[in-house]
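Q: I have a structure here, written as structure tokens, and I will follow up with some questions on it.
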């Protein structure tokens, strides 16, 4: 019988054992189910963390932090059963004379972490041979918070037999196959991830966080000419467990989606009549549009040019002057940011430099109030109320954190009767984007909405428009916002974006009701 | 630090594979891929170094096939207990999974053992020195400050090694392969402090020693200075001189580096709701098959596109886990579509063969001998385009895609550059471009950015696709009637 990590730890002191620690993955496959191993990742992580931070102080880092990640991923597919991936890793960040070094490695051991911190220190020290770089070091000497936070989920997917998920998928597939029209081009899948992160910093922060990510893909397409496809939009990447699937009546939603699809596919098809129209976008599309045109534009690293060679810049050029007065939309537009939002994929308690995530108003009465920042970038804003907002996020152990916008919530128009159907009824002539994608330039300034578009005449959908796009200037479009729907039309979507060099991806949730714009420029995306 | 201390070589990787074999029950078929990467990076913004990073990781993927059931596990740990757990889990899954693996999923004949490390390995990349790169960055930043410009940029060196093992108990055939590859990237953006102009330079190469940082920086600075005070020009169709980077942005991601577009099975499939595949020809009543445009002339006769895994400048491995030997493939010869990629299952069912023709995203395109200056000399009126961003497809049949010019766009009149021009949104199809060629320039390497984060663990290992973008070598092109559809005010 093999020794477990705990056995070894019991038998010897850490100093001796840590050099030979086995790093067993959790999945033990005896008897057809995952069996929990005796591996105690916390014990090892905490000891490695202590070794790392002591070393950082010894060698003279002005500041250092460490993240230890233990991630499990489960991907359930229709054809290939399921894939199971486990990842361990550690990441060290060091600050020396205003310059940063970063090192990551897969192995949790004393040898590995000491090597990592020496390399990170060496890089920072080497870079500091250049001109002075101004970072307000005092910010890093604040006593950090410590504690433990576990994302509340109802059903931990990693406590379930994965074949239960396969059964679920088989049931959904059988349901779709029974639709009376050929829907053989369907896609069904589930993804689950759990991240366990132990964070520590030389300022005293000692934190543990566990976050979950779940998402589903349920979609089908009618195999008959130029018909629309349907993808279930209530299964976006979310900070939830298996309840993402079980807490809703998927079959009713699919059935309603199918009926809607049949209805829409019977509409005549017409080319684009270029012009300016009322344009209605349902909750998920509106959330995507807002996240991309506003969320990304108020990431302070983009604003100050730190992403000029990677993720792009921003239409906000002078944060010190513009924040608080930049008019993004009409006075009834209010957007809140909140990292602790229930079910948000960007939900955290602390960010990846140990800062407590804050919440508040991002847009108040149409004015942009805040920019998302880490501790370093906030120095570029002179305003005293601009603090680090707890939005410095890394996608995994192999990437350094970067500024990422938090979960965003567009406040609904509670007084209105604003379901999507109600809003359509009130449009004499306009365009409805049932599903949409958004493409933006490198300054988040100009963009194009494309997708499944319909003409609205006299309060109903009258035809499907092929090749329609809405060409916009971000702030002009939002200042032409005519109406925000009520909470009935509210939907959540996840926005994932690449940033940094090397590029890394991170996600946030955006929740929005349907929105109606006036005078939106509708163009033919296929016409040269 | 020496390169061998950064990533493991053949001996270390095969010792991990041997550990898997010792712990495996041995029945059926065993596939193991062990890969590792190291990456050094120095990134800067606002003329100061922001961070240097040093990254390493492993990926061990074990696939066991027992009685036609398959089980795969992937992890980044290499110790004995982890390997044991993974092997047991893969075997349990192989036994309990559906028995749906088909004989055509496996190669009949195994290629010879292969070692491709010498073709695509740059010592300067593998031995990237942070102190030296720091000096390079500081010199670049000082040059920018002297010109009153603000720069951001990144220098990145990556080395990758992988070992692949296959054993089939029934045939008692065994195969061992090892490969290693390097890649280096440098890109620089220079901007005017008030955002009045922007310029860019970048390149990717196997060998960091072949990258001339001064030249790349000069390109970025010169373009930034020359892009200020842009004039507004009416949208329309213009002759466009596309620099090699702009060509790669158009025909790389959208066409030759796109797996779905270069997939033969998709090209020979009944058209769906989004219209026919770009290479779909029609239904052959006699053969009762959907036909692709293979063998037909689809581009200008001067267009030749190919991929050679042993090309020392393309920097690709010679095998993947699903295809142990990749051959040279010619996609387009004299404008005629000669090859599309396919998987083993397709070749067994349709081609009466048992082979993979895996799509590799790296490619070369032939060109001519003209310089950009010579192309400008012969242009009466047109634009010079540095590069594009946001190539989102508007029509999946023609691959017509909207794009945005960026980091330098100039108006050419009577053989001279007249002025900088405000950026445009464009709408063009790579098919249109490659059929409306006026002139072709000298092919050169371009910058390619890795943007995918693949979790396809059945490939050579997600680490490869995660950290390596395709290498592309293409010529600058002078294209007639290129469609510039709207001006944009982004800089």
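Protein chains in written order, with the working numbering: chain C, 1 to 528; chain V, 1 to 491.
For every residue, glycine included, the Cβ atom is placed at its ideal position computed from N, Cα and C.
Measuring alpha carbon to alpha carbon, tell me which residue in C:104, C:105 and C:271 is nearest residue 465 (chain C).
A: C:271
Q: Verify the CB distance criterion: does residue 304 (chain C) have a CB-CB separation below 8 Å to chain V?
A: yes
Q: For the structure I just gave you, are there three or more beta carbon pairs, one from the stretch 358-365 of chain C and one from the stretch 333-345 of chain C, closer than 8 Å?
A: Because the criterion of three Cβ pairs below 8 Å is met, the stretch 358-365 of chain C and the stretch 333-345 of chain C touch.
Q: Checking 8 Å against the spacing of the C-beta atoms, do residue 351 (chain C) and residue 71 (chain C) come in under that value?
A: Taking 8 Å as the cut-off, the beta carbon of residue 351 (chain C) is found no closer than this to the beta carbon of residue 71 (chain C).
Q: Return the residues of the stretch 393-419 of chain C that lie within a Cβ-Cβ distance of less than 9 Å from chain V, sorted by chain order.
A: 395, 397, 398, 399 and 400
Q: To the nearest angstrom, how far is it from the Cα of residue 153 (chain C) to the Cα of residue 121 (chain C)?
A: 38 Å
Q: What residues from the stretch 57-80 of chain V come within 7 Å of chain C, judged by C-beta to C-beta, listed N to C?
A: 57, 58, 72, 73, 74, 75, 76, 77, 79 and 80
Q: DSSP has residue 269 (chain V) in a bridge; who is on the other side?
A: Note: residue 269 (chain V) sits in no beta bridge, so no partner.
Q: Among residues of its own chain, excluding the 5 on either side of residue 157 (chain C), which ones have a beta-carbon nearer than 7 Å to its beta-carbon?
A: Same-chain partners within the cutoff: 74, 192, 214, 241 and 242.
Q: At what residues does the alpha helix (DSSP H) containing residue 259 (chain C) begin and finish?
A: First-last of the alpha helix (DSSP H) with residue 259 (chain C): 250-265.
Q: Going by C-alpha distance, which of C:232, C:375 and C:86 is nearest residue 492 (chain C)?
A: C:232
Q: Please report how far the alpha carbon of residue 422 (chain C) lies from the alpha carbon of residue 429 (chain C), in whole angstroms.
A: Roughly 14 Å separates the two Cα atoms.
Q: Determine the direct distance from the alpha carbon of residue 302 (chain C) to that of residue 328 (chain C), and round the result to whole angstroms.
A: 17 Å
Q: Are there three or more Cβ pairs, one per stretch, closer than 8 Å when the stretch 145-152 of chain C is compared with the stretch 82-94 of chain C?
A: no
Q: My parser needs the beta strand (DSSP E) runs of 3 or more residues fully inside the stretch 391-416 of chain V; what are they?
A: 400-413
Q: Here's a check: name, in chain order, each residue in its chain whose Cβ is nearer than 8 Å to the Cβ of residue 508 (chain C), leaving out the five neighbours to either side.
A: Cβ within range, chain order: 291, 295, 344, 345, 346, 404, 405, 406, 407, 408, 494 and 495.
Q: Any beta carbon of chain C sitting closer than 8 Å to that of residue 51 (chain V)?
A: yes
Q: So with Cβ pairs under 8 Å, would you call residue 309 (chain C) a contact of chain V?
A: yes
Q: Mind checking if residue 392 (chain V) is an interface residue toward chain C, Cβ cutoff 8 Å exclusive?
A: With a threshold of 8 Å between beta carbons, residue 392 (chain V) makes contact with chain C.
Q: To the nearest angstrom, how far is it from the Cα of residue 475 (chain C) to the Cα of residue 411 (chain C)?
A: 18 Å
Q: Which one of V:33, V:40 and V:23 has the shortest CA to CA distance from residue 398 (chain C)?
A: V:40
Q: Given that residue 88 (chain C) touches chain V, what residues does it touch there, using C-beta distances under 7 Å?
A: 76 and 77
Q: According to the neighbour-count rule (16 or more other Cβ atoms, all chains shown, within 10 Å of its Cβ), is residue 215 (chain V) buried or exposed?
A: exposed
Q: If contacts are defined as beta-carbon pairs under 8 Å, then residue 224 (chain V) and residue 190 (chain V) qualify, I think. What distance do you get, rounded to the angstrom?
A: Rounded to whole angstroms, the Cβ separation of residue 224 (chain V) and residue 190 (chain V) is 4 Å, and the two are in contact under 8 Å.
Q: Does the pairing of the stretch 66-83 of chain V with the stretch 191-199 of chain V give three or more beta-carbon distances under 8 Å?
A: no
Q: Sort out for me which residues DSSP pairs residue 205 (chain V) with in a bridge.
A: Paired residues: V:184.
Q: Buried or exposed, going by whether 16 or more other CB atoms sit within 10 Å of the CB of residue 330 (chain V)?
A: exposed
Q: For residue 77 (chain C), which three-state DSSP category applies?
A: Residue 77 (chain C): strand per DSSP, three-state reduction.
Q: Could you check what DSSP says for residue 448 (chain V) in three-state terms: helix, strand or coil?
A: Residue 448 (chain V) falls in the coil class under three-state DSSP.
Q: Assign residue 27 (chain C) to buried or exposed, taking buried as 16 or more other Cβ atoms, counted over all protein chains shown, within 10 Å of its Cβ.
A: The pLDDT assigned to residue 27 (chain C) is 41, lower than 50, so where the model puts this residue is not dependable; a value taken from the coordinates is nonetheless given after this. Answer is buried; the Cβ neighbour count reaches 16.
Q: Whole angstroms are fine: how far does the CA of residue 95 (chain C) sit from the CA of residue 134 (chain V)?
A: 16 Å
Q: Could you check what DSSP says for residue 274 (chain V) in three-state terms: helix, strand or coil?
A: coil
Q: Helix or strand or just coil, what does DSSP make of residue 364 (chain C)?
A: strand
Q: Can you grab the Cα-Cα spacing for the pair residue 29 (chain V) / residue 253 (chain C), in whole Å?
A: 43 Å
Q: Counting only C-beta atoms, is residue 433 (chain C) closer than 8 Å to chain V at any point?
A: no
Q: For a test of your reading of the model: does the CB of residue 115 (chain C) fall under 7 Å from any non-hydrogen atom of the ligand NAP? Yes or no.
A: Ligands displayed in this structure: none; no statement on the ligand NAP is therefore possible.
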